[in-house]
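Reviewing the structure listed below.
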Ligand code: SF4
Ligand code: FES
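Chains as they are written, first to last, in the working numbering: chain V, 15 to 189; chain G, 215 to 1033.
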């Protein structure tokens, strides 16, 4: 069994120690290929940039890849789960991506490969990445924002939308 | 796929938004929130907004400059559509800006015609007419209520009027509304056959601690932050008092406190304490269910034998002698001195270990953490919280008494870092005329109803169908009796009011029951009612309540109630007005006079008539100024523009809750006597599974609003029952399967959720659900004072069906965090 992989540089043990600095841009993020642009005013949802996150050849099962979407300040995780899930993309239908900012208070979560969950060091909420980011147990009042993905014929994985509000911004696409 | 709102931006609160103080009305903790409202066609911008922050940038964790979609709605205020954001208050000492899965959905759970939320809220009075419920005016509905009620009450005998009424704060309770209903039923009338929202009689959940002189809410939440040891007995605060846990208990653990948890189940609280304090500082005493009293008496005996007691405190502040109050029908145990308690409660380590299933070493360890003085001889500061695990558990009176005994011998009541307190469910907000005429033991209302008692039933925000015991039998009889009246009404369609009342009276004489239901939604018991009256909630009216450390706050009205809904206090007042009118019409003037004094026009009038009459320092203006930190009761005065409160009770060592002149606390002389409530031992012997039950953090109370909240219902479309995976395999059950849980008194249904930490043969089912009431399988057995024992229920389990599509798509993973 693989040990837990962190999606951010440092695990934040808020409750066991002193408060560590707030979440910022993750160190190893893949930068978006185009600057984010707020074009959605008046539409039901915002217009999102289409950003290349990785190629399917870059992904290994249960080895989370740090990504950022819709811009560099919104850290996320790209995951190949090994089994097909609802909403998964790629040839196996097992690739998903989520924001890693806990929708409770915005701490950066870590991936537990053991049961395929994202776990929050803030106040111990956890989210099921096999179930569309459903909060398994926790304090957040929403399930985890998931990035809509598209795989092109070269195998490049593009993020193209987000299905719920990302912590720390009142518009998913910043002005 | 999990439910998503597909909301990816929110309107920005402008700098000139109106700001209102809000205390979350869902649980006892009473977290501070701020409600912001502003006109629909306006909003702030990323650089000009309520907080002066550049919102074009990503905000940090714990920011004040963010709110979730669940914290937003569009509501009516003074008849206009306005944006509403209700977000946690960073400056409130209770929660320090933390929200919870319940409170941070307050805005979303407001009724809105624009966003379509909570359309289930009642908007107008409804009366049973032409075979269904028809909307009508208040005057029409209350005239019918008054005329039928007046038929069954006499000035010297109101025993045929049965009343179920909330006694809590928060939600739709509070000082205004308990006074309104209290003045009607205990002032104008002397109704004896009544009950409270969550139990089948009008009684205290904590009689023994009060009889001992110790109010059940005696500390300040800050005591958790400075305690050496935190004892949690039959309580799961990470889930049920979330921000008390996160903002106070966690700080205590970070400051070095050890934790002793008494619970047969490994709850999320146990795991969270281990995460925070380290497993070596957490002692989980997973006792045999129902053996709490044996554990507490063993601890008491051991601590006393070791001499780890506060002899000065015992001498100065507790009763000296033998027995002060003998055991009798009103006292399920005698009360008296420390020495008398040592004799009555004596239990050896060996006996205690055998009954609780713990090792002697575990009990000794707990005793050391609770009571062994520090190396310098100073007191170990131990704070104790308890709740439904023992309140709705075995032998309520003696068990709570035994826990308070430990607080008393260790001198940990009325001292910093101490306190022995219930954690609470709702907030409190009780102000009523005396209930002494009800008697003790109080009438067991639900059983009386089953037996054919009562002619008219007034229900105030109670839903027996979801939250009573022996609920299958109750529903069967209640439906039948109220149907008799419905049929009589249907048979007289088109009749005059007088003829209709005659017809109703005829059905009542034949054993029927006329039911009036005051609520915010059309509840399950409301399906049986003949008149339904719509009430408003906190925030739709000004409302005062106090939290679990007696912190009194005013929630400022920030929106209109739905339709013509009214505050309960004003509904009670209008009911009184109509009763007075009808009685006068009938020539019963002397009786009518008793219903004077209900000319309130606002909730503030009710507050001044009630609470203020006993607490003249406290007014709405002063509470508004006191903000979300409010003032801790009792309020002692008003100095320098501030209300002066009492952070901790009994700091002078004088105990008063029992009303004794000498101010001495009493010990409880309650020995162990096994599973006390009738029928429990037999049920245990003849069924395979313990059906332990309680709350979870997401599902609040009886889900009254959440049954229409997509986020909540997506997680658990039906109530869950956690079962050990090996037990599931033995039953041929898979995760998500619908199971029937059945026993000698009834049956209910639940969704099977594998829980590896559950002991074999011991399940946990969520309580109070609309579509699988756990109370269906709880037998009628209570303690001597009619305190229900929901926790001790045994049943068998069988599969009904495979998982429904809604159940199949949910997560069945462990609730324990993996960092
Ligand atoms: S902990 Fe209780 S009072 Fe605080 S936000 Fe949650 S439900 Fe409301
Ligand atoms: S920030 Fe994640 S649980 Fe609180």
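Glycine is no exception: its CB is placed at the ideal position from the N, C-alpha and C atoms.
Quiz item: Helix or strand or just coil, what does DSSP make of residue 127 of chain V?
Solution: Under the three-state reduction of DSSP output, residue 127 of chain V falls in the coil class, being neither helix nor strand.
Self-check item: the ligand SF4 site residues, beta-carbon cut 6 Å against heavy atoms
Solution: Any heavy atom of the ligand SF4 within less than 6 Å of a residue's beta carbon puts that residue on the list, which reads G:238, G:240, G:241, G:243, G:244, G:245, G:309, G:313, G:314, G:316, G:317, G:456 and G:457.
Quiz prompt | Near-chain G residues of the stretch 134-151 of chain V - C-beta to any C-beta below 8 Å | solution = Answer in chain order: 134, 135, 136, 137, 138, 139, 140, 142, 144, 145, 146, 147, 148, 149, 150 and 151.
Practice problem: Taking 8 Å as the cut-off, decide whether the C-beta atoms of residue 369 of chain G and residue 805 of chain G are in contact. | Solution: Between residue 369 of chain G and residue 805 of chain G, the C-beta spacing is below 8 Å.
Exercise. Run the CB neighbour count on residue 710 of chain G, radius 10 Å, all protein chains shown included, and call it buried at 16 or more, exposed below.
Key: Burial call: exposed.
Quiz prompt | Residue from G:857, G:448 and G:906 with nearest C-alpha to residue 639 of chain G | solution = The residue with the shortest Cα to Cα distance from residue 639 of chain G is G:448.
Quiz prompt | Beta-carbon contacts of residue 408 of chain G that lie in its chain and below 6 Å, excluding the five residues immediately before and after | solution = Around residue 408 of chain G: 377 and 416.
Quiz item: So which residues of chain V does residue 314 of chain G contact, with C-beta pairs closer than 7 Å?
Solution: Per Cβ cutoff of 7 Å: 153.
Quiz item: So is residue 835 of chain G buried or exposed if we call it buried at 16+ other beta carbons inside 10 Å?
Solution: Exposed, by the Cβ-count rule.
Quiz item: Would the beta-carbon of residue 166 of chain V fall within 8 Å of that of residue 172 of chain V?
Solution: Taking the C-beta atoms as reference points, residue 172 of chain V is found nearer than 8 Å to residue 166 of chain V.
Self-check item: Continuous beta strand (DSSP E) assignments of at least 3 residues falling wholly in the stretch 61-132 of chain V
Solution: Given a length threshold of 3 residues, each whole run of the beta strand (DSSP E) inside the stretch 61-132 of chain V is given here in chain order: 65-69, 79-82, 89-94, 109-113 and 124-126.
Quiz item: Is it right to say residue 967 of chain G is buried, meaning 16 or more other beta carbons lie within 10 angstroms of its own, or is it exposed?
Solution: It is buried - the Cβ of residue 967 of chain G has at least 16 other Cβ atoms within 10 Å.
Quiz item: Under a Cβ-count criterion, where at least 16 other Cβ atoms within 10 Å of its own Cβ denotes burial, should residue 186 of chain V be classed as buried or exposed?
Solution: By the 16-neighbour rule on beta-carbons within 10 angstroms, residue 186 of chain V is buried.
Quiz prompt | beta-carbon residue 1006 of chain G near the ligand FES non-hydrogen atom, thresh 7 Å | solution = No, the ligand FES has no heavy atom inside 7 Å of this Cβ.
Quiz item: What's the gap between the Cα of residue 467 of chain G and the Cα of residue 302 of chain G?
Solution: Rounded to whole angstroms, residue 467 of chain G to residue 302 of chain G spans 23 Å at the Cα level.
Practice problem: Output yes or no for whether 8 Å exceeds the beta carbon distance between residue 130 of chain V and residue 73 of chain V. | Solution: At a Cβ-Cβ threshold of 8 Å, residue 130 of chain V and residue 73 of chain V do not count as neighbours.
Quiz prompt | Identity of the residues DSSP links to residue 1012 of chain G by a beta bridge | solution = For residue 1012 of chain G, which the question treats as bridged, DSSP gives the partners G:954.
Exercise. Can you give me the Cβ contacts of residue 363 of chain G inside the same chain, cut-off strictly under 7 Å, excluding the 5 residues immediately before and after it?
Key: Taken in chain order, the residues that qualify are 375, 670 and 793.
Self-check item: residue 177 of chain V: contacting residues in chain G (beta-carbon distance under 7 Å)
Solution: In chain order: 218 and 220.
Quiz prompt | Close-in-space but distant-in-sequence residues of the same chain around residue 401 of chain G (CB under 7 Å, 5 per side omitted) | solution = Non-local C-beta neighbours of residue 401 of chain G in its own chain, meaning closer than 7 Å and more than five positions away in sequence, comprise 647, ordered along the chain.
Quiz item: When every heavy atom of the ligand FES is checked, does at least one fall within less than 7 Å of the C-beta of residue 119 of chain V?
Solution: Yes, Cβ of residue 119 of chain V sits closer than 7 Å to a heavy atom of the ligand FES.
Quiz prompt | Beta-carbon contacts of residue 738 of chain G that lie in its chain and below 8 Å, excluding the five residues immediately before and after | solution = Cβ within range, chain order: 677, 679, 680 and 984.
Quiz item: When the Cβ atoms of the stretch 391-399 of chain G are set against those of the stretch 686-696 of chain G, are three or more pairs found closer than 8 Å?
Solution: With a cut-off of 8 Å, the stretch 686-696 of chain G and the stretch 391-399 of chain G do not count as touching, because too few Cβ pairs lie within range.
Quiz item: What does residue 100 of chain V reach in chain G if we use C-beta pairs closer than 8 Å?
Solution: Near residue 100 of chain V (Cβ distances below 8 Å), the residues of chain G are 215 and 1023.
Practice problem: Report whether the distance from the Cβ of residue 134 of chain V to the nearest heavy atom of the ligand FES is below 7 Å. | Solution: Under cutoff, so the answer is yes.
Practice problem: Consult DSSP for residue 342 of chain G and reduce its assignment to one of helix, strand or coil. | Solution: Residue 342 of chain G: strand per DSSP, three-state reduction.
Practice problem: Name the residue from G:310, G:237 and G:282 whose alpha carbon lies nearest to the alpha carbon of residue 754 of chain G. | Solution: Ranking the options by Cα distance to residue 754 of chain G, first place goes to G:237.
Quiz item: Would a check of beta-carbon distances place residue 881 of chain G closer than 8 Å to chain V?
Solution: Taking Cβ atoms only, chain V never reaches closer than 8 Å to residue 881 of chain G, which makes this a no.
Self-check item: Proximal residues of chain G, C-beta to C-beta of residue 188 of chain V below 9 Å
Solution: Near residue 188 of chain V (Cβ distances below 9 Å), the residues of chain G are 260, 269, 270, 271 and 272.
Exercise. Determine the closest residue to residue 398 of chain G out of G:672, G:997 and G:842, with distance taken between C-alpha atoms.
Key: Nearest in C-alpha terms to residue 398 of chain G, of all of G:672, G:997 and G:842, is G:672.
Quiz item: Do residue 250 of chain G and residue 232 of chain G have their CB atoms nearer than 8 Å?
Solution: Inclusion of residue 250 of chain G and residue 232 of chain G in the CB contact set at 8 Å is warranted, their separation being smaller than that value.
Practice problem: Can you say whether residue 254 of chain G is buried or exposed, counting buried as having 16 or more other CB atoms within 10 angstroms of its CB? | Solution: With fewer than 16 other CB atoms across the displayed protein chains lying within 10 angstroms of its CB, residue 254 of chain G is exposed.
Exercise. Report whether the distance from the Cβ of residue 116 of chain V to the nearest heavy atom of the ligand FES is below 7 Å.
Key: With a cutoff of 7 Å, residue 116 of chain V counts as near the ligand FES, since its C-beta is closer than that to a heavy atom of the ligand.
Quiz prompt | CA-to-CA distance, residue 299 of chain G to residue 332 of chain G, given in whole angstroms | solution = So the two alpha carbons sit approximately 16 Å from each other.
Quiz item: When you compare each of G:425, G:458 and G:275 to residue 761 of chain G by their alpha carbons, which one comes out closest?
Solution: Of the listed residues, the one whose Cα sits closest to residue 761 of chain G is G:458.
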